[in-house]
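All remarks here apply to the structure that follows.
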Amino acid sequence: FMFVFFFFFFFFLFIYFVLILFRRNLRKTNAQPILMNLCFSLMLLLIAFMAGSGHREHSYVCHTVAVLLHYFLLTTVMWMAVEGYQMYLAFIQVMATYMQHFMLKCSLIAWGVPAIIVISTALGIMAAGVPQDLYINPE
């Protein structure tokens with residue numbers, strides 16, 4: 090059942106990306122690139138989950154999947170926050186809402202801040218060490 094959901098999600102996400110790429114009038118506002126980045130981040134989160142959910146035999150694979158899930162979950166939340174901020178600018182502050190290089194700033198924040206958080210968390214866990222009894226037993 091879950092694979093059917095993912096198939097439909099990826100199918101409609103692919104259609105959305107094709108429409109955005111080939112229809113120039115859909116890319117005129119900031120809303121579409123924000124939504125496209127949000128969908129791309131969510132797609133990478135689902136790919137990381139599906140690819141890594143069954144691989145618990147080796148600790149390095151488990152750590153890699155955990156880092157990827159942590160990063161893409163944070164980027165998805167950050168893109169949702171950017172979408173909310175863009176809607177705030179569009180609906181509440183209607184006048185004088187133009188910001189220079191808005192998408193560049195949002196992209197740096199939404200992709201960069203989670204990277205800093207994940208790297209600092211991974212380095213902290215590596216420095217402190219994780220007891221072996223915290224790992225999930227694959228049996």
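In this text, residue positions in the sequence shown follow my numbering: the first is 90, and each later residue adds one.
A virtual CB, placed ideally from N, CA and C, is assigned to each residue, including glycine.
Check	Outcome
Counting only the same chain and skipping the five closest in sequence on each side, list residues whose C-beta sits under 7 angstroms from that of M192.	N119 and P122
Please name the residue, chosen from F92, V93, N126 and F94, that lies closest to M105 on a Cα-to-Cα basis.	The question names Met, but residue 105 is Tyr in the sequence shown. Closest option to Y105, Cα to Cα, is N126.
Taking the continuous alpha helix (DSSP H) assigned at S196, which residues delimit it?	F191 to A217
Count the other CB atoms, across all protein chains shown, that sit within 10 Å of the CB of L197; report buried if there are 16 or more and exposed otherwise.	exposed
Counting only the same chain and skipping the five closest in sequence on each side, list residues whose C-beta sits under 7 angstroms from that of Q175.	N119, A120 and I123
Hey, out of K117, A204, I109 and I181, whose CA is closest to V166's CA?	A204
Might you give, ordered along the chain, the residues of its own chain that have their beta carbon closer than 7 angstroms to the beta carbon of F138, omitting 5 neighbours on each side?	L158
Have a look at V171 and M132 and give me their C-alpha separation to the nearest angstrom.	17 angstroms
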